[in-house]
Amino acid sequence: MVRAVVGANWGDEGKGKITDMLGETSDIIVRFQGGSNAGHTIVNDYGKFALHILPSGVFYNHTTSIIGNGVAFSVPALFKEINDLVSRGVPKPKILVSDRAQIVMPYHILFDECEEERLGKKSFGSTKSGIAPFYSDKYSKIGFQVSELFDDEVLKEHIARVCEQKDIILQHMYHKDPIDQEALLQTLHEYRDMVAPYVCDTAAFLQNAVKEGKNILLEGQLGTLKDPDFGIYPMVTSSSTLAAYGAIGAGIPPYEIKDIIAVVKAYSSAVGAGEFVSELHGEEADELRNRGGDGGEFGATTGRPRRVGWLDTVASKYGVRMQSATQVALTVLDVLGYLDEIPVCTAYDIEGEITTEFPVTTKLKKAKPVFTKLPGWKCDIRGIKKYEDLPENCRKYIEFVEKEIGVKITMVSNGPSRSDIIYR
Ligand code: GDP
Numbered sequence: 000m001v002r003a004v005v006g007a008n009w010g011d012e013g014k015g016k017i018t019d020m021l022g023e024t025s026d027i028i029v030r031f032q033g034g035s036n037a038g039h040t041i042v043n044d045y046g047k048f049a050l051h052i053l054p055s056g057v058f059y060n061h062t063t064s065i066i067g068n069g070v071a072f073s074v075p076a077l078f079k080e081i082n083d084l085v086s087r088g089v090p091k092p093k094i095l096v097s098d099r100a101q102i103v104m105p106y107h108i109l110f111d112e113c114e115e116e117r118l119g120k121k122s123f124g125s126t127k128s129g130i131a132p133f134y135s136d137k138y139s140k141i142g143f144q145v146s147e148l149f150d151d152e153v154l155k156e157h158i159a160r161v162c163e164q165k166d167i168i169l170q171h172m173y174h175k176d177p178i179d180q181e182a183l184l185q186t187l188h189e190y191r192d193m194v195a196p197y198v199c200d201t202a203a204f205l206q207n208a209v210k211e212g213k214n215i216l217l218e219g220q221l222g223t224l225k226d227p228d229f230g231i232y233p234m235v236t237s238s239s240t241l242a243a244y245g246a247i248g249a250g251i252p253p254y255e256i257k258d259i260i261a262v263v264k265a266y267s268s269a270v271g272a273g274e275f276v277s278e279l280h281g282e283e284a285d286e287l288r289n290r291g292g293d294g295g296e297f298g299a300t301t302g303r304p305r306r307v308g309w310l311d312t313v314a315s316k317y318g319v320r321m322q323s324a325t326q327v328a329l330t331v332l333d334v335l336g337y338l339d340e341i342p343v344c345t346a347y348d349i350e351g352e353i354t355t356e357f358p359v360t361t362k363l364k365k366a367k368p369v370f371t372k373l374p375g376w377k378c379d380i381r382g383i384k385k386y387e388d389l390p391e392n393c394r395k396y397i398e399f400v401e402k403e404i405g406v407k408i409t410m411v412s413n414g415p416s417r418s419d420i421i422y423r
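See below:
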């Protein structure tokens, strides 16, 4: 069976933890989009880890981790992460890399930096991991597939062809030196030697695994609102964050994705720029940010403070629906235990019109939050294992959110570690 764990909002919903948890009953875990720009934080018996490119199932002995064809594959990031894990006592994970995955090139990172610098105040808040230049090149048909690393003729010709174009932009738009083609070839040779043991036709491997009845878990990065089609365009990421894209980014039949777990956080957080209707500022924001997540809401990749706000059920209902979620995991609920009352953004006021439907970006810019206030539970719910044992107001919050977003909340996460989970 194929399951997917995906984000319903802006990312950082706690997908990593849910994937790590579901990894126990999975044979194969696949990253199907995005790159090393987002981070998943995982707390388990080995310690606390921030993963950027490796799927969150790498901590189990029985799982195979796959970097699918849809990923923006940073070779150095992968090997840095593997080395980090192994040096901290985690058994070396079993990894397969798609021969059709494309490679994040050193100049993608350079272009990302140059462009954010050029945009200044109007920048996207990119993590500067080269993701946007990478996907631009992929769809401009000048990207490098992993398979090309193994054909020097092809590689040299491709480098020369790409540099001709890149050098013009580098020199004339960004006033930088042209690309050193010899050094680039050398780097790609190093990449080739690093990835060689892992490369295969992962789509064929996965299709075979589906036939054999293996449990496959697709791990999404970021969330619906960062999807290039359905998100808050243009402040989105460059690859689809939707479960449906799992079929393409991993190369499996779409009808095999039977279970889609959308992760919704009990409040909102976002990194980078873009519309965020229920955002908080000032002291209220600082308090939520410092209490949030596991030791504060600060980016796993960048360390920068995340923007925070109250739960937005307009965005979450839409986020869950566009993921085609079959169930919802509500995470980080324990953090809200300090509040007397908890505001939830349940509608938008767009120039006097009240709506619960998530609008296009031009209208979203004008949206003001309409809050419904729910009573808090004023206690620490960490350690609770049974739904009935949660305080009444806490259960009411969960049931209210479920009604608003319209999909069953089957899991409630009340702490960062694998075991902090309540099944309903
Ligand atoms: P992801 O990108 O969706 O995997 O999310 P992140 O890992 O970036 O952010 C989630 C943060 O919340 C991490 O620091 C997790 O350790 C933490 N976390 C996950 N679930 C819970 C929870 O139920 N309670 C608390 N307090 N922290 C959680």
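If you're matching positions, the sequence shown starts at 0 in numbering that gives the first Met the number 0 and goes up one per residue. A virtual CB, placed ideally from N, CA and C, is assigned to each residue, including glycine.
Cβ-heavy atom distance, residue i to the ligand GDP, below 7 Å
i: Asn36; result: no
i: Ser315; result: no
i: Ser412; result: yes
i: Glu12; result: yes
i: Gly56; result: no
i: Asp293; result: yes
i: Leu21; result: no
i: Val334; result: yes
i: Thr126; result: no
i: Gly318; result: no
i: Val262; result: yes
i: Gly15; result: yes
i: Asp419; result: yes
i: Gly308; result: no
i: Thr40; result: yes
i: Thr236; result: no
i: Val331; result: yes
i: Pro444; result: The question about residue 444 has no answer, for the chain in this structure spans 0 to 423.
i: Gly230; result: no
i: Gly6; result: yes
Cβ-based burial, residue i [other Cβ within 10 Å; buried from 16]
i: Asp311; result: buried
i: Ser139; result: exposed
i: Ser418; result: exposed
i: Asp150; result: exposed
i: Val425; result: One cannot answer for residue 425 here, as it falls past the ends of the chain, which runs 0 to 423.
Residue(s) in a DSSP beta bridge with residue i
i: Ser146; result: Beta-bridge pairing links Ser146 to no other residue.
i: Ile260; result: Val4, Gln326
i: Asn43; result: Gly46
i: Asp311; result: Cys344
i: Val331; result: The partner list for Val331 (beta bridge, DSSP) is empty, contrary to what the question assumes.
i: Arg306; result: Ala269
i: Cys199; result: Ser97
i: Ile404; result: For Ile404, which the question treats as bridged, DSSP gives no partner whatsoever.
i: Glu115; result: Paired residues: none, contrary to the question.
i: Arg160; result: Beta-bridge pairing links Arg160 to no other residue.
i: Met410; result: Ala328, Tyr422
i: Phe297; result: Pro304
i: Arg30; result: Ile66, Glu218
i: Ser125; result: Answer is none; Ser125 lacks a bridge partner.
Candidates the options, of which the one nearest residue i by Cα
i: Leu148; options: Glu398, Asp98, Ser125; result: Asp98
i: Tyr59; options: Lys79, Asp26, Asn68, Asp83; result: Asp26
i: Gly34; options: Ile28, Leu329, Gly67; result: Gly67
i: Gly318; options: Leu335, Arg306, Glu352, Ile260; result: Ile260
i: Ala208; options: Phe110, Pro252, Leu169; result: Pro252
i: Pro105; options: Pro177, Ala346, Cys344, Val313; result: Pro177
i: Glu189; options: Tyr173, Glu218, Val262, Val74; result: Val74
i: Leu329; options: Asn214, Tyr396, Tyr347, Thr345; result: Tyr396
i: Glu352; options: Ala195, Glu398, Lys365, Phe133; result: Lys365
i: Ser315; options: Pro304, Pro374, Ile141, Tyr266; result: Tyr266
i: Val369; options: Arg381, Tyr347, Gln326, Ile383; result: Tyr347
i: Cys199; options: Asn43, Pro342, Leu221, Thr63; result: Thr63
Start-to-end residues for the alpha helix (DSSP H) that takes in residue i
i: Glu286; result: 281–290
i: Ala269; result: It is not in any alpha helix (DSSP H) - Ala269 instead sits in the beta strand (DSSP E) that spans 267–269.
i: Met20; result: 14–21
i: Tyr134; result: 130–138
i: Arg423; result: Where Arg423 is concerned, there is no enclosing alpha helix (DSSP H), given that its DSSP letter is neither H nor E.
i: Val70; result: Neither: Val70 is in no alpha helix (DSSP H) and is coded neither H nor E.
i: Arg87; result: Element bounds for Arg87: n/a, residue is neither H nor E.
i: Arg191; result: 180–194
Residue i - containing beta strand (DSSP E), residue span
i: Met234; result: Taken as a continuous stretch (DSSP letters only), Met234 belongs to no beta strand (DSSP E), as it is neither H nor E.
i: Pro390; result: That residue, Pro390, is in no beta strand (DSSP E); it is neither H nor E in DSSP.
i: Pro374; result: 366–374
i: Gly222; result: 215–222
i: Val103; result: Careful: Val103 lies outside any beta strand (DSSP E) and carries neither H nor E.
i: Thr355; result: No beta strand (DSSP E) contains Thr355, which DSSP labels as neither H nor E.
i: Ile247; result: Careful: Ile247 lies outside any beta strand (DSSP E), inside the alpha helix (DSSP H) at 244–249.
Any non-hydrogen atom of the ligand MN within 7 Å of residue i CB
i: Gly46; result: Inclusion of the ligand MN in the displayed structure is not the case, the ligand content consisting of the ligand GDP alone.
Below-8 Å beta-carbon distance, residue i vs any chain C residue
i: Gln185; result: No chain C appears in this structure, which consists of one protein chain only.
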